[in-house]
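Enquirer: Residue numbers for the sequence shown follow UniProt numbering, so the first one is 1 and each next one is one higher.
The beta-carbon is built from N, C-alpha and C at its ideal position, and this holds for glycine as well.
From a predicted model like this one, the values you see are computed outputs, not experimental measurements.
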Amino acid sequence: MKNKLDYTSPEVQYSFDVNKSHLFVKDDQNLINILGIQQLNSLENVSLLDIFLSKNNVVEPHYHQNAAELVYCISGAAVVSIMNAFTNQILNFPITKGQVANVPQGWWHYEVATEDDTHLLAIFDADTPEVILGSDILKFTPANVMAHTYCLDEQEWKNTISPIQPSTYIGPYKGCENNGNPVSPYYHQKGTYYARQFSGYPYYY
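#1: Let me check one thing: in DSSP terms, what residues is Asp-27 bridge-paired to?
#2: DSSP beta-bridge partners for Val-112?
#3: To which residues of the same chain is Tyr-63 closer than 8 Å at the C-beta, ignoring the five residues directly before and after it?
#4: Quick check on the burial criterion: 16 or more other C-beta atoms within 10 angstroms. Buried or exposed for Tyr-169?
#5: What is the DSSP secondary structure of Asp-136, counted as helix, strand or coil?
#6: Does DSSP classify His-119 as helix, strand or coil?
#7: Rounded C-beta distance between Val-79 and Val-112? I'm assuming under 8 Å.
#8: Determine the burial state of Ala-85: buried for a count of at least 16 other Cβ atoms within 10 Å of its Cβ, exposed for fewer.
#9: Relative to the alpha-carbon of Thr-114, which residue among Lys-55, Gln-39, Lys-174 has its alpha-carbon at the smallest distance?
#10: Below 8 Å on the Cβ atoms is my guess for Leu-48 versus Leu-121; work out the distance and round it to an integer in Å.
#11: Where does the unbroken beta strand (DSSP E) through Val-145 begin, and where does it stop?
#12: Tell me the DSSP secondary structure of Glu-11 in three-state form.
#13: By Cβ distance, which residues of its chain are closer than 7 Å to Met-146, with the 5 residues on each side in sequence left out?
#14: Specify the secondary structure class of Thr-160 as computed by DSSP and reduced to three states.
#15: With a CB to CB cut of under 7 Å and the five nearest residues on each side skipped, what residues in its chain are close to Thr-96?
#16: When the Cα atoms are used, what is the spatial distance from Glu-11 to Ser-162?
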């Protein structure tokens, strides 16, 4: 959608310091800055997230309901993992400096840093990168609905998800017992990257 601005107005903005626009900060090595139309009013069909990660940190599983995403690696290295919405296959794409991975609109995905000082730029074809986070789905879906739908014990489900914080954005949490045991998110077979499986479930680190 075209941005209907009066480009003769002195209120039109043409530049912005993304470093001053924090979406989420875990610590000084793991943070996400945002640029959208709320920050720069002359934007049209583009926005971005400026992502900094240290090794084994994860941009949590999520999807963007309003935009496709192109993930560009500025420095370091990461694995961009995508669930193909047509096959339900988890596809894993390792990227390093100068490489990209493309995430179609609405596809479930996550990014794992495989080196310290990883810097990613996520570019969207919308003026605001809307998002639905895995942590919010898990935390805000009523426990009785999850239990009934998936034949779970409701109290066990509540206990299991109790450590989850809404809008996690970057995991794992500080002090997480799994921090010292990161697991590779992919293995290589016949030229394609597949999700490593544990007890039948994809492992997200």
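Expert: On the basis of the coordinates in this document:
#1: Asn-30
#2: Val-58, Val-79
#3: Gly-106, Trp-107, Trp-108, His-109, Val-131, Ile-132
#4: buried
#5: helix
#6: strand
#7: 5 Å
#8: exposed
#9: Lys-55
#10: 6 Å
#11: It is not in any beta strand (DSSP E) - Val-145 instead sits in the alpha helix (DSSP H) that spans 143-150.
#12: coil
#13: Leu-152, Trp-157
#14: helix
#15: Cys-73, Ala-77
#16: 46 Å
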